[in-house]
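**Student:**
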Amino acid sequence: MSTSLIPFLEMNGSANEAIDLYVKALDAKVTYMLRFSDMPKNQEALVPSEKKDWVNYAVLKIGDSELQITDNFTGSTYEKGTQITIVVQTDDKEKAAQYFEALKQGGRVNDPLQASFFSPAYGNVTDKFGITFRILTKGRQ
């Protein structure tokens, strides 16, 4: 079993600009990029046309570390300076469920742990200390 903790940055339409900065300033390499326009057709319809080129999900490799980044368009609260969450990425679906259940105790479930088009088990939870975690199982559903 493999588990990683990865910083996840949530931007408000400026992810492309941030990625450009990190590529130049930190020698980051973009290893994966999915724009909202690249989403499956049933999901793409939910995206406003002016935000189709925004970043749905990108992975940057910086040295031996990884950084993930997205643009928030869903209408959830965005406050500059609080947009960093932690991804707990594992290749074990049962372990993902265990992490999610433990972190939600006394906290708040933002997205229930469930299968999605990009993961067999994905959920978003804020723990009792106000730290938000994205639990992500590697692989596709």
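Numbering (numbering that gives the first Met the number 0), first residue to last: 0 to 140. We put the CB at the ideal spot given by N, CA and C, even for glycine.
Can you tell me whether M122 is buried or exposed, with buried defined as 16 or more other CB within 10 angstroms of its CB?
**Tutor:** As a first step, residue 122 must be located in the sequence shown, where it is residue number 123. Note that residue 122 corresponds to Gly in the displayed sequence, not to Met. That one is buried.
**Student:** Please report the distance separating the alpha-carbon of F99 from that of A27.
**Tutor:** As a position in the sequence shown, residue 99 is number 100, starting the count at 1. As a position in the sequence shown, residue 27 is number 28, starting the count at 1. Taking the straight line from one Cα to the other gives about 30 Å.
**Student:** If you pair each beta-carbon of the segment 85-95 with each one of the segment 0-8, do three or more pairs fall below 8 Å?
**Tutor:** yes
**Student:** Taking buried to mean at least 16 other C-beta atoms within 10 Å of its own C-beta, is V54 buried or exposed?
**Tutor:** If you number the sequence shown from 1, residue 54 lands on position 55. When all chains shown are included, V54 counts as buried.
**Student:** Does DSSP put S118 in a helix, in a strand, or in coil?
**Tutor:** Here residue 118 refers to the residue found at position 119 of the sequence shown. Three-state result, S118: strand.
**Student:** Measuring CB to CB, does P47 end up less than 8 Å from F116?
**Tutor:** In the sequence shown, counting from the first residue as 1, residue 47 sits at position 48. In the sequence shown, counting from the first residue as 1, residue 116 sits at position 117. Going by C-beta atoms, P47 is not nearer than 8 Å to F116.
**Student:** For L25, does the count of other Cβ atoms within 10 angstroms reach 16, so buried, or fall short, so exposed?
**Tutor:** Along the sequence shown, read from residue 1 onward, the residue named residue 25 stands at position 26. That one is exposed.
**Student:** Does DSSP put K40 in a helix, in a strand, or in coil?
**Tutor:** The residue labelled residue 40 in the question sits at position 41 within the sequence shown. Correct three-state label for K40: helix.
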